[in-house]
Amino acid sequence: MKIDILTLFPEMFTGVFGSSMLGRAQANGLLEIHTHNIRDYADNKHRKTDDYPFGGGAGMVMMAQPIFDCMEAVQGDAPAHRILLTPRGQLLTAKRAQELAKEERLILLCGHYEGVDERVNTIIDEELSIGDYVLTGGELPAMVLVDCLSRFIPGVLGSEESVLDESHADGLLEYPQYTRPADFRGMIVPEILQNGHHAKIQKWRHEQALLKTKQMRPILLGHFGKFQK
Ligand code: 4GO
157 MKIDILTLFP EMFTGVFGSS MLGRAQANGL LEIHTHNIRD YADNKHRKTD
207 DYPFGGGAGM VMMAQPIFDC MEAVQGDAPA HRILLTPRGQ LLTAKRAQEL
257 AKEERLILLC GHYEGVDERV NTIIDEELSI GDYVLTGGEL PAMVLVDCLS
307 RFIPGVLGSE ESVLDESHAD GLLEYPQYTR PADFRGMIVP EILQNGHHAK
357 IQKWRHEQAL LKTKQMRPIL LGHFGKFQK
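Plus 156 on top of the position in the sequence shown (first one is 1) and you've got our numbering.
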């Protein structure tokens with residue numbers, strides 16, 4: 157998958173995309189990420205990218221011109237699914253990330269200041285939010301989105317199984333996990349996990365996942381079963 161990111165702060169992405177799983181995914185050719193500085197496309201001599209809002213009010217608004225020119229230059233003739241990261245977007249879910257992981261090409265637009273000129277929406281296909289809170293820019297949400305969807309690209313994770321068992325994979329939160337030692341400071345790993353009976357372990361894990369979901373996120377139980385496969 158190819159991902160282009162339009163931002164005023166490309167340097168924010170270097171650490172996250174250069175290291176760990178995403179670095180390896182790029183080295184392996186599974187993922188290709190490019191950042192583009194919107195400021196390079198400002199057609200005024202001060203390279204200004206924001207201006208006062210029509211109608212007044214606090215803060216500044218990102219101008220349409222640098223964003224349109226940046227989008228047109230980056231997109232070229234190849235089709236792409238274009239996403240704006242904004243607190244007004246639909247909430248990002250594992251389900252949506254899994255669908256987006258199938259796209260050949262994404263372009264992510266990161267806003268700053270109080271937001272972007274509304275006319276930018278004419279060159280955007282989807283607005284996404286990572287949660288019901290406001291951040292200083294769309295860069296962290298873009299990183300969250302890229303990290304989240306990358307895990308659904310075959311080969312990015314070490315073992316294919318890990319995305320199937322984790323929280324949200326089946327609409328439930330994950331069951332408790334333990335590793336050695338079986339007795340740590342008197343806290344004992346549940347007997348059922350130690351005796352190796354596969355079917356019983358599966359049943360226990362499912363019950364624990366239901367219990368945990370009911371305690372922590374009961375609303376998710378309403379979605380249980382509606383998820384993919
Ligand atoms: C996205 C962008 C929060 C989100 C943002 C989010 N804050 N919840 N801030 O995904 C325009 C001004 C949006 C700064 C940007």
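No residue lacks a Cβ here, since even glycine has one placed at the ideal position from N, Cα and C.
Identify the residues that DSSP records as bridge partners of residue i: which are they?
| i | result |
| --- | --- |
| glutamine 246 | Leu284 |
| arginine 238 | Ile263 |
| isoleucine 344 | Asp339 |
| methionine 218 | Asp206, Val272 |
| glycine 293 | His268 |
Which stretch, first to last residue, makes up the beta strand (DSSP E) that contains residue i?
| i | result |
| --- | --- |
| isoleucine 161 | 158-163 |
| threonine 191 | 188-193 |
Where residue i and residue j are concerned, what is the direct C-alpha to C-alpha distance, given to the nearest angstrom?
| i | j | result |
| --- | --- | --- |
| isoleucine 189 | cysteine 226 | 16 Å |
| lysine 359 | glutamate 322 | 16 Å |
| leucine 186 | alanine 338 | 38 Å |
| glutamine 384 | lysine 258 | Summary for glutamine 384: the model assigns pLDDT 43, below 50, so the residue's position carries little reliability, and this model does not support an answer. |
| glutamine 333 | isoleucine 357 | 12 Å |
| aspartate 281 | leucine 247 | 15 Å |
| proline 222 | leucine 320 | 41 Å |
| methionine 218 | phenylalanine 165 | 14 Å |
Following a CB-centred definition, is residue i positioned closer than 7 Å to any heavy atom of the ligand ADP?
| i | result |
| --- | --- |
| proline 297 | For the ligand ADP, the structure offers nothing, since it holds only the ligand 4GO. |
Got a sec: does the ligand 4GO put a non-hydrogen atom nearer than 7 Å to the Cβ of residue i?
| i | result |
| --- | --- |
| histidine 362 | no |
| isoleucine 223 | no |
| proline 209 | no |
| glutamate 322 | no |
| glycine 213 | no |
| leucine 262 | no |
| proline 346 | no |
| threonine 242 | yes |
The alpha helix (DSSP H) with residue i in it runs from where to where?
| i | result |
| --- | --- |
| histidine 354 | 354-372 |
| threonine 170 | 170-174 |
Open item on the list: Within 8 Å, do at least three Cβ pairs link the segment 292-307 to the segment 173-193?
Closed with: Yes, the segment 173-193 touches the segment 292-307.
Open item on the list: Closer than 8 Å is the cut-off here; do at least three beta carbon pairs connect the segment 287-295 with the segment 324-342?
Closed with: Judged by Cβ distances under 8 Å, the segment 287-295 makes no contact with the segment 324-342, as fewer than three pairs qualify.
Open item on the list: Tell me whether the segment 264-284 and the segment 231-251 touch, counting them as touching only if at least three CB pairs, one residue from each stretch, are closer than 8 Å.
Closed with: The segment 264-284 and the segment 231-251 touch, with no fewer than 3 CB-CB distances between them shorter than 8 Å.
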